[in-house]
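Novice: Quick one: the structure is below, questions incoming.
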């Protein structure tokens, strides 16, 4: 008997943008996206729709394309009613407009030797999943985000740096002013590049790289740098990483994966004290390569799921960032370009503009420099840690990594 | 046409309707892992009161008038809005350019026709006896877009664009080391993508040879010969982004630095952007309704133009160029490149290599960025010694200063090519572009 399933996302965005210190546009987006799936006889028909559509029509269209019926030799998930709402407040357009005006005034009044572009946005998303086997899931979240690009008036570059952060509730502007002062207050003071290069940054780009290498299909085929290393200690004793679908600090997460699977406790340990514990898989990869099914299917509305879509969290140290630095300064890259990894896992990074930071204050701006890093060393001998505290430079947690100057 | 909408008084407004269709089928190691077709329709509505743009988007075309009226409520009407310098510049065009119809319009192309191409390349380009290939992926697909634009000044434009592509990629593994390599091929219909099997296999073998034999290179400054596809990215990254005028509206330093008429490169350098070329960056009209045209950014080494939307053109008292583009109907248009290329010269590839005593031949790059110090990430490079291409070398990054590198170009080849493989990111928006160029020689680039 055919089983019907509907995946949905409803997103509302309001955004105020600035161009060279002046208000440019007020933008609103209200979008509805649905994926209708009909499972029958080990196949699934899919209809992906952006915009409103009647459910009966959606399911009928999912069933109406036998040529494209995808093989799906798995039982769809069953479940019950479950709701999660991470929203903390209604983020109104009037608050958005008022904050935008206030933030831009603060920047132009206090930092007249810079020009600013960017925007402030509020976003609210509701994800839903419903099927004939009882699943009725919904997950909502809302946040505001600030993103500012700046350019010094004496610079011949297009952009010199940027800063930004997300938050669930508008504050009195303290977070913004603190961050602006940190990035801009000492920008015109030139500092010297230290002997030891310690980079401080948010870690989301790095976890993306690890997620890709942990794909169980790549591990099985030998195309991952971590192939043959599951169960081995590959990284630093201090490096642990897990998928945490319930992480409070993360934005817009869902507690189910792209196949409707829910992980017990919502956590999956991938790397523990440097040891690779498991690769990640969806149902197809688990079956094909005879590996554990880790319920790690990404949310693909147009087609079959793929492996991915995790919310990865690197375990925080018990030490603060300042304690991890132990008196050394760290570098906050602001305008930098990295290369992809080469066959050896080596990468290069050209840092055009960056700030030298002592863990609390910015000491000054650094000249352009180049560094190199290696995939295994980054999370191995060159991994210093993720601080126990949130740093003001990101209004978020921060990772400290050593890199080698070229 | 535009008469079907009631545009509010005292405000400039426009409506952009996008009807698209995309399809993809791809096979990974013999398993069909992607197989979908997706139609989509939506509209962006904009209102301008002389101070702020108000925008919204909808998937329900019957709601456009309602959305337009709601935006007008937010704005403050200005009876003199059409005297605003940016609005005054906007062109009024009425045109219909619908090229794709019948069985070769993407939504009418059968899945079977795409599967024939896919199966053809699986048969011709997959060889299980090549041990270095640890996985392969072959994908085919296409994108079609019909765009309609109506403005309160009277523009009414409809045009369409279609492109199909086929990508053949291999993961190559040798002694635990791994790289990915391959190429994409383009055509208007699936059948136009046949005939590239020998190129694809040669590319696979090149990557295998590269992984087996590439040696490390000491970082430093080197003379570099760039292949046409590398020159294409160089033109886009090194200079193209600096020609987008929205970053210099009120910035005197940049206005002085990029003043028209200034010598910015060697006499051999000419760079053009042209949205009218039917390539991957084709837009006969931009998202403000401005007709596309060829804009020479650099001619014989002299800065001769830059890319504009109406705001930047008005701010700099220059002409519109047709470069205001949005990724889709959810996004507001900004100044973007279209088809950007460095013009060809007179030298043959063989002569350029033979004339290079010591240097690097950059065969392929993967991506890049365009700050004052531009960056290109190299994937396959070779050493040049005594006028000959020698061993493969490992190079991760090429970089240089835009203010110096254009002067360092001393040989320009006649082997001009244009490549449709590119997309370009800016301000969170990705748009399709093409880039082109010939083989060129740059006296020095930082290689490391």
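Residue numbers (this note's numbering), protein chains in the order written: chain A, 1481 to 1886; chain B, 46 to 493.
Backbone N, C-alpha and C fix where the C-beta goes; we use that ideal spot for every residue, glycine too.
A quick note: this is a predicted structure, and the numbers were derived from the prediction, not measured.
So, under 8 angstroms CB-CB, residue 283 of chain B and residue 457 of chain B are touching, yes? Tell me the CB distance rounded to an integer number of Å.
Specialist: Numbered from its first residue, the second chain carries residue 283 of chain B at position 238. Numbered from its first residue, the second chain carries residue 457 of chain B at position 412. That belief does not hold up - the Cβ atoms of residue 283 of chain B and residue 457 of chain B are roughly 14 angstroms apart, past 8 angstroms.
Novice: Going by DSSP, what residue range makes up the alpha helix (DSSP H) through residue 1684 of chain A?
Specialist: What you label residue 1684 of chain A is simply residue 204 of the first chain in a count that begins at 1. Segment 1684-1693, the alpha helix (DSSP H) holding residue 1684 of chain A.
Novice: For a contact defined as C-beta to C-beta under 7 angstroms, what are the partners of residue 98 of chain B on chain A?
Specialist: Mapped onto the second chain, residue 98 of chain B falls at position 53. Going along chain A in sequence order, the residues near residue 98 of chain B (Cβ under 7 angstroms) are 1504, 1505.
Novice: Using 8 angstroms as the limit for Cβ to Cβ distance, is residue 284 of chain B near chain A?
Specialist: Taking the first residue of the second chain as 1, we reach residue 284 of chain B at position 239. No, no contact with chain A.
Novice: Establish whether the CB of residue 184 of chain B and some CB of chain A are separated by less than 8 angstroms.
Specialist: Position 139 of the second chain holds residue 184 of chain B. No, residue 184 of chain B lies away from the interface with chain A (no Cβ there is under 8 angstroms from its Cβ).
Novice: Can you give the Cα-Cα distance for residue 1430 of chain A and residue 1880 of chain A, rounded to whole angstroms?
Specialist: The structure shown does not extend to residue 1430 of chain A, since chain A is modelled only from 1481 through 1886, so no value can be given for it.
Novice: Could you list which residues in chain E have their beta carbon closer than 9 angstroms to that of residue 439 of chain B, in chain order?
Specialist: Among the chains of the structure shown, chain E does not appear; the protein chains present are A and B.
Novice: What three-state label does DSSP hand residue 1552 of chain A in the structure shown?
Specialist: Residue mapping note: residue 1552 of chain A aligns to position 72 of the first chain, counting from 1. The answer is coil: DSSP assigns residue 1552 of chain A none of H, G, I, E or B.
Novice: What did DSSP end up calling residue 210 of chain B once you bin it into helix, strand or coil?
Specialist: As a working mapping, residue 210 of chain B is identified with position 165 in the second chain. DSSP places residue 210 of chain B in strand when its eight states are reduced to three.
Novice: Can you give the Cα-Cα distance for residue 1557 of chain A and residue 1723 of chain A, rounded to whole angstroms?
Specialist: In the first chain, counting from the first residue as 1, residue 1557 of chain A sits at position 77. In the first chain, counting from the first residue as 1, residue 1723 of chain A sits at position 243. C-alpha separation (whole angstroms): 20 angstroms.
Novice: Is it a yes or a no for the region 284-299 of chain B touching the region 353-372 of chain B, going by three-plus beta-carbon pairs under 8 angstroms?
Specialist: Yes, the region 284-299 of chain B touches the region 353-372 of chain B.
Novice: Apply the 10 Å Cβ neighbour rule to residue 1544 of chain A and answer buried if 16 or more other Cβ atoms are within range, or exposed otherwise.
Specialist: Within the first chain, numbered from 1, the residue matching residue 1544 of chain A stands at position 64. Residue 1544 of chain A comes out exposed.
Novice: By the criterion of Cβ-Cβ separation under 9 angstroms, what are the contact partners of residue 1531 of chain A in chain B?
Specialist: One-based indexing of the first chain puts residue 1531 of chain A at position 51. Those are 85, 86, 87, 103, 104, 105, listed as they occur along chain B.
Novice: Would you list, in sequence order, the uninterrupted beta strand (DSSP E) runs of no fewer than 3 residues that lie entirely inside the region 1519-1579 of chain A?
Specialist: You should have 1523-1530, 1561-1565.
Novice: Could you name the residues that DSSP lists as bridge partners for residue 87 of chain B?
Specialist: Taking the second chain and counting its residues from 1, the one referred to as residue 87 of chain B is at position 42. In the DSSP output, where bridge partners are listed per residue, residue 87 of chain B has B:63.
Novice: Are the beta-carbon atoms belonging to residue 1751 of chain A and residue 1719 of chain A less than 8 angstroms from one another?
Specialist: Within the first chain, residue 1751 of chain A is the residue found at index 271, counting from 1. Within the first chain, residue 1719 of chain A is the residue found at index 239, counting from 1. Their beta carbons are under 8 angstroms apart, which means residue 1751 of chain A touches residue 1719 of chain A by this criterion.
Novice: Which residues share a DSSP beta bridge with residue 1487 of chain A?
Specialist: Your numbering for residue 1487 of chain A matches position 7 in the first chain. Paired residue(s): A:1515, A:1609.
Novice: I want to see whether chain A comes within less than 8 angstroms of residue 108 of chain B, judged by CB atoms only; does it?
Specialist: Residue numbering aside, residue 108 of chain B sits at position 63 when the second chain is read from its first letter. No, no contact with chain A.
Novice: Leaving out five residues before and five after residue 1885 of chain A in sequence, what residues of the same chain have Cβ atoms less than 6 angstroms from its Cβ?
Specialist: One-based indexing of the first chain puts residue 1885 of chain A at position 405. Taken in chain order, the residues that qualify are 1677, 1851.
Novice: At a Cβ threshold of 8 angstroms, is residue 442 of chain B touching chain A?
Specialist: The residue given as residue 442 of chain B occupies position 397 in the second chain. Chain A, which has a Cβ nearer than 8 angstroms to the Cβ of residue 442 of chain B, makes this yes.
Novice: Note down, one range per segment and in chain order, each alpha helix (DSSP H) of at least 4 residues found wholly within the region 302-383 of chain B.
Specialist: Entirely contained in the region 302-383 of chain B, the alpha helix (DSSP H) runs reaching 4 residues are, in chain order, 355-360.
Novice: Can you give me the C-alpha to C-alpha distance between residue 298 of chain B and residue 73 of chain B, rounded to a whole angstrom?
Specialist: By one-based count along the second chain, residue 298 of chain B stands at place 253. By one-based count along the second chain, residue 73 of chain B stands at place 28. If I take the Cα positions, the gap works out to 51 angstroms.
Novice: Note the first and the last residue of the continuous alpha helix (DSSP H) segment covering residue 156 of chain B.
Specialist: The residue you call residue 156 of chain B lines up with position 111 of the second chain. Per DSSP, residue 156 of chain B belongs to the alpha helix (DSSP H) from 156-170.
Novice: Using alpha carbons as the reference points, say which of A:1613, A:1629, A:1551, A:1524 lies closest to residue 1499 of chain A.
Specialist: Taking the first residue of the first chain as 1, we reach residue 1499 of chain A at position 19. Residue A:1629 is the option with its Cα nearest to residue 1499 of chain A.
Novice: Note the first and the last residue of the continuous alpha helix (DSSP H) segment covering residue 1659 of chain A.
Specialist: On the first chain, position 179 is the one that residue 1659 of chain A refers to. Its alpha helix (DSSP H) spans residues 1654-1664.
Novice: If you follow the alpha helix (DSSP H) that residue 258 of chain B is in, where does it begin and where does it stop?
Specialist: Here residue 258 of chain B refers to the residue found at position 213 when the second chain is read from its first residue. Start and end: 242-258.
Novice: Have a look at residue 259 of chain B and residue 437 of chain B and give me their C-alpha separation to the nearest angstrom.
Specialist: Stepping through the second chain from its first residue, residue 259 of chain B is reached at position 214. Stepping through the second chain from its first residue, residue 437 of chain B is reached at position 392. Distance between the alpha carbons of residue 259 of chain B and residue 437 of chain B is about 4 angstroms.
Novice: Would you mind reading off the limits of the alpha helix (DSSP H) that contains residue 1698 of chain A?
Specialist: By one-based count along the first chain, residue 1698 of chain A stands at place 218. Its alpha helix (DSSP H) spans residues 1696-1701.
Novice: Starting from the beta carbon of residue 287 of chain B, find every residue of chain A whose beta carbon is closer than 9 angstroms, and list them in chain order.
Specialist: As a working mapping, residue 287 of chain B is identified with position 242 in the second chain. Under the 9 angstroms cutoff, chain A gives 1638.
Novice: Would the beta-carbon of residue 474 of chain B fall within 8 angstroms of that of residue 266 of chain B?
Specialist: Numbered from 1 along the second chain, position 429 holds the residue referred to as residue 474 of chain B. Numbered from 1 along the second chain, position 221 holds the residue referred to as residue 266 of chain B. Cβ atoms of residue 474 of chain B and residue 266 of chain B: not closer than 8 angstroms.
Novice: For the beta strand (DSSP E) containing residue 1630 of chain A, list its first residue and its last residue.
Specialist: Position 150 of the first chain, counting from 1, holds the residue named residue 1630 of chain A. 1616-1632 is the span of the beta strand (DSSP E), which, as asked, contains residue 1630 of chain A.
Novice: Measuring CB to CB, does residue 1759 of chain A end up less than 8 angstroms from residue 1801 of chain A?
Specialist: Translated into positions along the first chain, residue 1759 of chain A becomes position 279. Translated into positions along the first chain, residue 1801 of chain A becomes position 321. No; because the gap between Cβ atoms is not below 8 angstroms, this pair is not in contact.
Novice: Which bits of chain B does residue 1633 of chain A rub up against, with CB to CB less than 8 angstroms?
Specialist: On the first chain, residue 1633 of chain A is found 153 positions in, with the first residue counted as 1. Near residue 1633 of chain A (Cβ distances below 8 angstroms), the residues of chain B are 296, 297, 298.
Novice: Chain B partners of residue 1850 of chain A, CB-CB under 9 angstroms?
Specialist: Position 370 of the first chain, counted from the first residue, corresponds to residue 1850 of chain A. By Cβ distance, chain B contributes 264, 442, 444, 491, 493.
Novice: Applying the criterion that 16 or more other CB atoms from any shown protein chain within 10 Å of the CB defines a buried residue, is residue 1665 of chain A buried or exposed?
Specialist: For the purposes of this step, residue 1665 of chain A is identified with residue 185 of the first chain, where counting begins at 1. It is exposed - the Cβ of residue 1665 of chain A has fewer than 16 other Cβ atoms within 10 Å.
Novice: In this structure, does DSSP put residue 274 of chain B in helix, strand or coil?
Specialist: Walking along the second chain from the start, residue 274 of chain B turns up at place 229. If DSSP states are grouped into helix, strand and coil, residue 274 of chain B belongs with the helices.
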